[in-house]
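Heads up: take any position in the sequence shown, counting from 1, add 890, and you land on the working numbering.
Worksheet for the structure shown next.
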Amino acid sequence: MNVVLFGPPGAGKGTQAKELSQKYDIPHISTGDILRANVREGTELGLKAKEYMDKGELVPDQVLIGLIKDRLEEPDCANGYLLDGYPRTIPQADALDDILKEISKPLDVVVNIDVSDEELIGRLSGRRMCKCGESYHIMFNSPKEEGVCNACGGQLYQRDDDREDVIRQRLVVYSEKTKPLIDYYEEKELLVNIAGNGTVNEVFEAISEIMDRYK
Ligand code: AP5
Ligand code: MG
Ligand code: ZN
């Protein structure tokens, strides 16, 4: 099953992809997570990407296209993939199309998680992360003990780009550069919209119903 999980910052792509990847046994490929891992490790890519990420801007297309090509060629993508955070521009989508033709793994569906702007700001400003990969929300998904990860006991922190001014910039960049992909995939008859304002479980059920069609 070859799926793009699409939606604005804070739509719940990461939250849903983590569960869906387990349920359908396909790898969750988050370009944001890959870039943040590079930032943590201080790689050349990480150092370059951080300049853009901290401002809420997109990392240049050529960097992302190379990164996603390498990732999709890995053996764990043999039975499919779940993309989260890629593509984010028309050139990225065109490049993806070429890559997928080359490896004969065309997209089955693009699921667009639709969430209102007010809700997005609330979700992002309340998000807390753990270095083990778990993600929480101070109101909607709070850990048992404040500031401490349920899974590993690690100390929770806020993502550098979850400050209010950077959140607003990410939403502007989404509207200008990423949102046009909704029409792009609609024209290709690959887009399915789902309401993303419900609870995590409601959204999970809605996406599962769509993905079940492609099992
Ligand atoms: P990336 O990491 O992809 O960030 P994003 O797209 O801004 O999305 P988020 O991860 O913030 O949101 P999400 O939809 O995953 O929401 P989540 O599930 O965490 O990218 C970061 C940066 O990297 C970019 O700005 C750019 O610089 C760079 N980058 C990455 N990919 C790139 C690309 N392809 N090209 C160029 N640059 C790229 O949920 C958010 C919060 O809400 C959590 O606290 C969660 O607990 C809560 N929540 C989730 N669902 C619900 C629900 N249903 N109800 C209530 N709360 C909920
Ligand atoms: Mg995410
Ligand atoms: Zn943890």
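The beta-carbon is built from N, C-alpha and C at its ideal position, and this holds for glycine as well.
Here the structure is a predicted model, which is why all the values come from computation and not from measurement.
- With respect to the 7 angstroms criterion, residue 918 and residue 990 are not classified as neighbours on the basis of their beta carbons.
- Counting of Cβ neighbours within 10 angstroms places residue 994 among the exposed residues, the total staying below 16.
- Between the ligand ZN and the CB of residue 1024, the shortest heavy atom gap is smaller than 6 angstroms.
- It is roughly 21 angstroms from the alpha-carbon of residue 962 to the alpha-carbon of residue 1074.
- For residue 1002, the enclosing beta strand (DSSP E) covers residues 999-1004.
- Inter-segment contact for the segment 1009-1025 and the segment 1091-1099 is absent: fewer than three beta-carbon pairs are separated by less than 8 angstroms.
- At a cut-off of 6 angstroms, the beta-carbon of residue 1041 counts as near the ligand ZN: some heavy atom of the ligand is closer than that.
- Residue 987 has its alpha-carbon roughly 16 angstroms from the corresponding atom of residue 1070.
- Comparing alpha carbon positions, the residue from 1033, 1048, 1047 closest to residue 1041 is 1033.
- In the DSSP assignment, residue 920 is bridged to 974.
- In the three-state DSSP reduction, residue 1087 falls in the coil class, being neither helix nor strand.
- At least one heavy atom of the ligand MG lies less than 6 angstroms from the C-beta of residue 903.
- Distances from the alpha-carbon of residue 1082 to those of 912, 1101, 1065, 1020 put 1101 closest.
- Scanning 892, 897, 891 for the CA closest to the CA of residue 1006 turns up 897.
- Around the beta-carbon of residue 903, 16 or more other beta-carbon atoms lie within 10 Å, marking it buried.
- When the beta-carbon positions are compared, residue 914 and residue 998 stay at least 7 angstroms from each other.
- Listed in chain order, the alpha helix (DSSP H) runs fully inside the segment 926-975 are 934-943, 951-962, counting runs of at least 4 residues.
- When only Cα atoms are considered, residue 1008 and residue 1057 end up about 11 angstroms apart.
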